[in-house]
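Notes for the one structure printed next.
There are 2 protein chains.
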Amino acid sequence: MSGRTVVEARDSDQGMGGLTPDRFAGVLAQATQGWPAVPVIACGMVGSRQGWVEAPYAPVPCPAAPRMVAVPGDPGGRPVRVICGVRQDDPADVMRGEETQIAGLLALDPDFDGIACLPGTHTKWVRISAGEICNFKSFMTGELFGLIANQSVLRHSVGEGDCDPALFRDAVSDAMSRPERGYAGLFQLRAESLLSGLNPAAARARLSGTLIGWEMAAARPWWLGSQVTIIGAPALSALYADALAAQGVPAARMSVQDATLAGLSAAHRQFLQG
Amino acid sequence: MSGRTVVEARDSDQGMGGLTPDRFAGVLAQATQGWPAVPVIACGMVGSRQGWVEAPYAPVPCPAAPRMVAVPGDPGGRPVRVICGVRQDDPADVMRGEETQIAGLLALDPDFDGIACLPGTHTKWVRISAGEICNFKSFMTGELFGLIANQSVLRHSVGEGDCDPALFRDAVSDAMSRPERGYAGLFQLRAESLLSGLNPAAARARLSGTLIGWEMAAARPWWLGSQVTIIGAPALSALYADALAAQGVPAARMSVQDATLAGLSAAHRQFLQG
């Protein structure tokens with residue numbers, strides 16, 4: 635990167651889940667072959683206990699500016715820093731990776747004061763004020779959606795396709811006002827599919843609306859009367875924006891890539907300042 | 635079987651999920667090798683559209699006595715009958731297999747009038763009156779528990795072990811009174827496990843209580859003021875009995891094996907009567 639601009643990008647599927655600590659240096663060397671010996675800033679699960687080096691969680695409240703630990707010995711001749719996750723003790727919660735996007739949000743909008751919603755595998759709602767992460771709350775919505783849609787009996791009934799906004803909104807509204815009714819509606823998707831040929835895209839919209847509706851109900855203290863910025867993938871962010879709009883909450887949007895790059899860039903500036 | 639008594643039992647892992655229709659006869663012949671050419675009564679997914687022969691769903695309300703279709707040609711020289719599932723059109727719902735246990739409940743207790751609760755992969759609550767299945771409701775509780783406990787990020791936090799009754803009851807009660815709070819509590823199990831070493835058996839009790847609590851909330855019209863008989867595996871039935879007792883509903887229990895054998899035996903008598 636040069637500033638917040640990507641000069642060259644490479645992907646690798648060699649992630650923390652499949653590596654022992656002694657193999658990270660080799661994977662990084664391979665991924666960055668031919669690149670100058672500039673500093674490396676890493677974030678996410680690479681800093682977990684099972685990662686390369688443990689980058690201990692910073693307890694809230696904490697500055698949104700990144701905190702980092704060094705990988706000893708400048709592997710491959712490059713300084714390598716790993717961004718620390720954030721933890722909350724009561725109620726217990728953790729994040730790793732999202733703190734970098736929040737640092738990016740603050741880098742791009744230094745006066746931001748409000749709620750960041752980061753939808754994904756484990757969606758986070760984060761209260762930010764005076765440049766600090768005050769507290770936050772995680773939900774397993776993305777992971778549950780994937781498990782139910784792809785691995786439960788509903789995999790036969792839930793398919794790809796455009797999300798019907800009306801079906802999605804109805805499911806959000808039902809799940810918010812009567813969460814237990816949404817629970818009763820899950821197997822019903824399978825039964826309607828067997829008995830009356832429920833459209834697989836409609837089943838997907840209803841399942842998605844049910845889970846996001848549960849999350850909206852549980853996250854009410856986070857979004858009610860708040861200024862919310864959603865940082866996530868476009869299609870998923872649109873669903874959350876739609877659910878919030880139905881509650882009269884206008885949400886700003888920021889791309890997850892913009893936020894992440896700005897966060898890494900902020901960490902790099904901080905590294906240079908020592 | 636001889637009446638309701640098992641003379642000899644064999645298991646096979648060659649189920650409907652891995653068989654094409656032309657292979658069922660061979661699997662049955664192998665499983666029953668050396669046995670006399672008595673009639674065969676089959677129930678469950680063998681009668682689904684992807685099974686051996688489709689045994690069409692009987693619509694509710696319908697007699698609890700089994701309805702059957704014949705497999706053409708008496709494969710292996712034995713008459714083979716497949717018990718039909720039951721369907722409900724509004725709200726859409728289906729069962730295959732549980733109708734045999736209900737037939738068994740009625741065979742063992744012909745005057746039964748009340749609710750049968752059949753906990754399992756897809757738990758069913760079934761209203762039975764005057765020898766008929768009136769209506770029913772399915773929940774994905776067992777399947778969701780398996781997916782979350784074994785395949786989500788909670789697999790690192792949820793372990794085997796005795797279920798702490800107090801933790802289970804608290805989770806049931808929380809999920810019943812504020813279902814959305816239970817939703818917020820799922821990722822918290824992971825965070826408590828990371829930050830404060832939450833006992834894996836305690837995490838299991840809380841996850842189980844949350845899901846059963848949601849089901850109890852959604853199934854309230856089924857158990858409130860009702861006579862309930864639970865038909866299921868012992869440990870799971872005990873959890874449901876505990877949750878119902880906390881609501882002041884005493885539940886009778888019947889073993890799933892007794893109910894199934896009584897149902898198959900009732901179907902056999904019906905077959906003999908033509």
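First to last, the sequence lines map onto chains A and B. The number in the working numbering is simply the position in the first sequence, starting from 1, with 634 added. The number in the working numbering is simply the position in the second sequence, starting from 1, with 634 added. We put the CB at the ideal spot given by N, CA and C, even for glycine. All of these numbers come straight from a predicted model, not from anything done at the bench.
Annotation: Cβ neighbours of A:A852 in chain B (cutoff 7 Å, chain order): E814, R815, Y817, A818.
Taking C-beta atoms under 8 Å as the contact rule, A:V792 and A:L823 qualify, at a distance of about 7 Å. A:L906 is classed as exposed because its beta carbon has fewer than 16 other beta carbons within 10 Å across all chains shown. Within the model, the alpha-carbon separation for B:A726 versus A:E766 is close to 49 Å. Proximity of B:S842 to chain A, defined by a Cβ-Cβ separation below 8 Å, is not satisfied. For secondary structure counted as the beta strand (DSSP E) over 3 or more consecutive residues, the stretch 742-772 of chain A holds these complete runs in sequence order: 748-752, 757-763. In terms of Cβ geometry, A:M774 and A:H790 do not form a close pair [threshold 8 Å]. Taking 7 Å as the upper bound on Cβ-Cβ separation, chain B lies near residues D723, P725, A726, D727, V728, H756 of the stretch 723-757 of chain A. Within chain A, Y817, A818, L820, F821 have C-beta atoms less than 9 Å from the C-beta of B:F773, given in sequence order. Considering only B:F746, B:P706, B:V694, the residue with the shortest C-alpha distance to B:F770 is B:V694.
With a threshold of 16 other beta carbon atoms within 10 Å, A:P813 meets it and is buried. A:S636 carries a strand assignment under DSSP once its states are collapsed to helix, strand and coil.
Going by beta carbons, B:A750 and B:C797 fall outside the 8 Å limit.
Listed in chain order, the non-local C-beta contacts of A:D708 below 8 Å within the same chain comprise V714, local neighbours out to five positions each way being set aside. Taking 8 Å as the cut-off, the Cβ atoms of B:G738 and B:C677 do not count as close. Taking A:L895 as the centre and dropping the five residues before and after it, the same chain places the C-beta of R638 closer than 6 Å to its C-beta, in chain order. DSSP, reduced to helix, strand and coil, places B:P670 outside both helices and strands of the structure shown, so it counts as coil.
Per the C-alpha coordinates, the member of B:L829, B:V687, B:V862, B:V661 positioned closest to B:A885 is B:V862.
If you draw a straight line from the Cα of B:V687 to the Cα of A:G776, it comes to about 38 Å.
For the 8 Å CB-CB criterion, B:I865 and B:Q722 do not form a contact. Counting along the chain, A:D804 sits inside no beta strand (DSSP E); it lies in the alpha helix (DSSP H) bounded by residues 799-811. Going by C-alpha positions, A:M810 is about 14 Å away from A:L801. When the Cα atoms are used, A:L870 and A:G897 turn out to be separated by approximately 21 Å. Not flagged as an interface residue toward chain B: A:E766, since no C-beta distance is shorter than 8 Å. Only residues of its own chain outside the window of five on either side were considered, and among them R701, C718, V720 have a CB closer than 6 Å to the CB of A:A692, listed in chain order.
Considering only A:G651, A:G652, A:G710, A:W848, the residue with the shortest C-alpha distance to A:V672 is A:G710. Spatial neighbours of A:I762 in its own chain (CB-CB distance under 8 Å, excluding positions within 5 residues in sequence) are listed in chain order as A698, I736, L739, L740, F746, D747, G748, I749, A750, C768.
Beta bridge pairing from DSSP links A:T863 with A:A750, A:A886.
The beta carbon of B:P744 sits closer than 8 Å to the beta carbons of G765 from its chain, once the five residues preceding and following it are set aside; these are given in chain order.
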